[in-house]
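Each residue of the sequence shown is one higher than the one before, starting from 387 at the first, in the working numbering. Okay, structure first, notes after.
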Amino acid sequence: MDRRHFIGHSAAAIGLLAGLTGQTRAANLQKAEILVIGGGYGGATAAKYLRLFSNNTARVTLIEPNPTFISCPLSNLVVGGSRNMAEITSSYDNLSKRHGIKIIKDSVVSIDPTQKTVKLASGKTLPYDKAVVSPGISLNMNSIQGLAQANKDGVTLQAWKAGAETVALHKQVAAMREGGTYVISIPEAPYRCPPGPYERACQVANYLKNNNPKGKVLILDANQDVTSKGGLFKKVWAEQYPGMIEYMPKHNVVGVDAKTKTVKLEVQDDVKADVLNLLPQMSAGEIAVKSGLANSNGRWVNVNFLNFESTAQKDIHVLGDSIQIAPTMPKSGHMANQHAKVAAAAIVAELSGWEVNPNPVVTNTCYSFVNSRDVVHVASVHQYDAEKKTFLPVKGAGGLSPGPTALEGVYAWGWAHNIWADSLG
């Protein structure tokens with residue numbers, strides 16, 4: 387599927403307002419200041435589609451501290467050593483050059499919903515009429531005793547936000563002693579990318595299989611069972627990595643001793659390992675929590691799913707991994723991209739005095755590499771339910787791979803290049 391068809395299918399999926407780019411724009415749309423906070427899958431897509439859906443009349447500013455976009459999806463391949471960071475890194479340049487989006491390389495330190503302003507780390511204050519907040523997730527380091535210090539000492543890493551830690555974790559795996567053990571811990575759901583930890587276990591095992599065949603991979607999962615693609619992953623572990631990957635459900639990590647590299651479990655005996663990849667509990671991105679938007683157990687943001695406006699603050703729309711998700715809706719890059727399009731269409735409609743689309747539909751596809759080549763996927767479709775005021779899965783839509791294939795690996799890279807072009811091109 388080429389970029390044009392990908393965008394066309396995405397537009398159809400969310401049920402865009404008829405004639406959206408051909409109608410006369412209301413003055414308040416042209417004058418409104420729209421700030422987009424965060425340039426990930428949600429924020430970058432929102433910024434671009436606010437311009438597209440408004441026929442390039444909306445005034446959009448994207449605030450993002452990082453100089454480039456680095457994809458979390460596919461970053462496990464870097465951990466496993468079969469790909470490099472350049473292959474999952476994209477420029478933000480097209481957003482400004484092709485779409486007229488103003489990009490500010492900075493961080494937002496506070497949002498004042500009363501004054502409708504945001505304050506930047508540089509000290510500058512910006513006004514907004516509409517704010518789109520897509521800050522990803524925060525890692526709650528205090529949920530595992532000793533983890534913050536272990537990270538500070540360089541003993542533990544998460545690499546759950548693709549970047550320097552992704553490369554550092556691969557180096558730790560590559561330097562592991564012969565026959566050593568790599569441990570990855572998984573917090574109770576919800577967390578970013580449900581199949582991600584299991585895919586990472588496969589990637590590390592694939593590296594060890596080729597470079598350290600006596601090495602072990604231990605998965606300590608706080609959940610009752612594998613949270614996504616369970617049957618597929620377990621089959622792969624048994625067939626491709628027999629005796630190498632050990633999966634231990636209902637093993638909740640509560641502490642770590644950095645000096646002895648010992649993991650402390652809530653119920654079971656302590657575990658020692660050579661490489662500790664401990665994932666703590668997660669919550670909405672820091673700015674969402676600090677701004678009082680995280681009104682679901684202080685961790686996630688409740689939104690109106692018709693326009694993704696926060697239920698805590700008017701005119702602030704929250705996307706992606708930070709929200710309290712709808713039933714069976716994953717926290718994924720593809721889903722953040724879909725949230726962004728629904729929100730962008732709704733914001734343009736609201737500022738233009740039009741009716742917001744009452745029946746949005748979003749889709750998701752998640753690919754997981756089980757080695758450097760073979761892939762499995764899960765796909766789903768979610769329709770807004772007016773009575774329940776949430777998205778519900780469409781029965782019979784989507785599906786699961788029968789098993790891993792190299793062809794799906796080709797599809798996975800095709801998906802990646804298409805969605806990067808859709809969000810950033």
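Note that the Cβ used here is the ideal one computed from N, Cα and C, for glycine as well. Note that this is a predicted model, so its numbers are computed, not measured.
Between residue 765 and residue 751, the C-beta spacing is below 7 Å.
Under the 10 Å beta carbon count, residue 502 is surrounded by 16 or more other beta carbons and is classified as buried. 7 Å or more divides the Cβ of residue 498 from the Cβ of residue 508. Distance between residue 595 and residue 694, taken at the CA atoms: about 44 Å.
When the Cα atoms are used, residue 783 and residue 771 turn out to be separated by approximately 16 Å. Taken in chain order, the whole beta strand (DSSP E) runs of length 3 or more contained in the segment 471 to 539 are 475 to 477, 488 to 490, 494 to 498, 503 to 506, 511 to 513, 516 to 519, 523 to 525. In the three-state reduction of the DSSP assignment, residue 668 falls in the strand class. Going by beta carbons, residue 571 and residue 651 fall outside the 7 Å limit. Of 584, 760, 785, the smallest CA-CA separation from residue 797 is found for 760. A straight line joining the alpha-carbon of residue 551 with that of residue 787 spans about 30 Å. Secondary structure at residue 552: helix, using DSSP grouped into helix, strand and coil.
Taking C-beta separations shorter than 7 Å and ignoring five residues to either side along the sequence, the partners of residue 728 in its chain run 400, 694, 746, 748, following chain order. The beta carbon of residue 496 sits closer than 6 Å to the beta carbons of 505 from its chain, once the five residues preceding and following it are set aside; these are given in chain order. Look at residue 755 here: in three-state DSSP terms it is strand.
Judged by DSSP secondary structure, residue 721 falls within the alpha helix (DSSP H) whose first and last residues are 719 to 738. Beta-bridge analysis with DSSP links residue 694 to no other residue.
In this structure, the straight-line span from the alpha carbon of residue 444 to that of residue 735 is close to 11 Å.
For residue 701, there is no enclosing alpha helix (DSSP H), as DSSP gives it neither H nor E. Counting C-beta atoms within 10 angstroms of its own C-beta, residue 543 has 16 or more neighbours from the protein chains shown and is therefore classed as buried. Inter-residue distance for residue 636 and residue 754 is about 23 Å (C-alpha atoms, whole angstroms).
The C-beta distance from residue 657 to residue 604 rounds to 7 Å, short enough to fall under 8 Å. When C-alpha distances from residue 530 are compared across 559, 461, 643, the shortest belongs to 643. The alpha-carbon separation between residue 460 and residue 469 amounts to approximately 9 Å. The beta carbon of residue 780 is closer than 6 Å to those of 767, 769 in its chain, skipping five residues each way along the sequence.
For residue 804, the three-state secondary structure derived from DSSP is helix. Your pair residue 428 and residue 725 checks out as a contact, with CB atoms roughly 6 Å apart and the cut at 8 Å. Only residues of its own chain outside the window of five on either side were considered, and among them 533, 534, 537, 666 have a CB closer than 8 Å to the CB of residue 527, listed in chain order. Residue pairing by DSSP places residue 623 in no beta bridge whatsoever. Nearest Cα to residue 430 within the set 625, 417, 452, 580: 452. The C-beta of residue 608 has 16 or more other C-beta atoms within 10 Å across all chains shown, which makes the residue buried. Looking at the DSSP output, residue 768 shares a beta bridge with 748, 779. Per the Cβ contact rule, the segment 508 to 522 is in contact with the segment 419 to 426 (3 or more Cβ pairs under 8 Å).
A straight line joining the alpha-carbon of residue 481 with that of residue 514 spans about 20 Å. For residue 599, there are no CB contacts under 7 Å within the same chain when 5 residues up- and downstream are skipped.
Taking C-alpha positions only, residue 478 is separated from residue 447 by approximately 13 Å. Residue 696 sits close to residue 687, with the two beta carbons spaced by under 7 Å.
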